[in-house]
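Q: What follows is a single structure, and I will ask about it in a moment.
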Amino acid sequence: MTEKQAMTTISKHCGVSWSTVSRTLASLLPMTNVKINWLPRCSLVDEFRSLKNQVGPYSFSCMDGDTGKLLDTLPSRKKKDLISYFMQFERRARLNVKILVTDMNASYALLIKECFPHAKLVVDRFHIVKHLIRSFKDIRL
């Protein structure tokens with residue numbers, strides 16, 4: 000949500016009870032408390048197509064690679080926005096990140112240099128296979 004609305008307004012708009020809205024918002028509350036003194040040893044980062052917003056059509060997600068839990072989502076995947084976001088974490092927390100798993104997006108390699116100097120970049124299997132399949136198709140045609 001980008002604007003404040005009363006829970007009764009949300010419940011009427013979505014066709015659910017006020018208590019359902021309350022429970023849903025309460026379940027999302029832990030995601031709003033970002034700890035600036037901790038980042039996981041292995042972080043999974045990726046962009047996803049989101050509803051078009053003022054920033055752009057793609058958003059950014061970061062997950063804990065050990066637990067699979069979503070750490071945060073951001074409305075932008077732009078390098079400057081990601082660097083600004085991760086630089087708010089304590090240096091000790093950023094140095095704790097040893098592995099950054101991502102697709103082949105070049106801006107993530109630059110993100111590692113600026114924010115996670117001890118981390119290794121690992122390209123996930125899905126994107127490697129996708130790239131190989133595309134290359135084989137190009138060769139066949």
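First residue of the sequence shown? That's 0 in numbering that gives the first Met the number 0, and the numbers climb one at a time after it.
Backbone N, C-alpha and C define an ideal beta-carbon position, used for all residues, glycine too.
1. When you compare each of A108, E89, L120, L110 to I98 by their alpha carbons, which one comes out closest?
2. What did DSSP end up calling K112 once you bin it into helix, strand or coil?
3. Among the candidates I127, C114, K77, whose CA atom is the shortest distance from the CA of M103?
4. What does the alpha-carbon distance come out to for the pair M86 and E46?
5. Would you check if the segment 36 to 44 and the segment 52 to 63 touch, i.e. whether three or more CB-CB distances between them fall below 8 Å?
6. Buried or exposed: where does T8 fall if 16 or more other Cβ atoms within 10 Å of its Cβ makes it buried?
7. Helix, strand or coil: which one does DSSP assign to F47?
A: The structure says:
1. Against the sequence shown, residue 98 aligns to sequence position 99. Here the closest residue by C-alpha is L120.
2. Residue 112 sits at position 113 when you count from the first residue of the sequence shown. Correct three-state label for K112: helix.
3. To locate residue 103, count along the sequence shown from 1; it is residue 104. Nearest C-alpha to M103: I127.
4. To locate residue 86, count along the sequence shown from 1; it is residue 87. To locate residue 46, count along the sequence shown from 1; it is residue 47. Computed Cα separation, rounded: 19 Å.
5. yes
6. The residue you call residue 8 lines up with position 9 of the sequence shown. That one is exposed.
7. The residue you call residue 47 lines up with position 48 of the sequence shown. F47 falls in the strand class under three-state DSSP.
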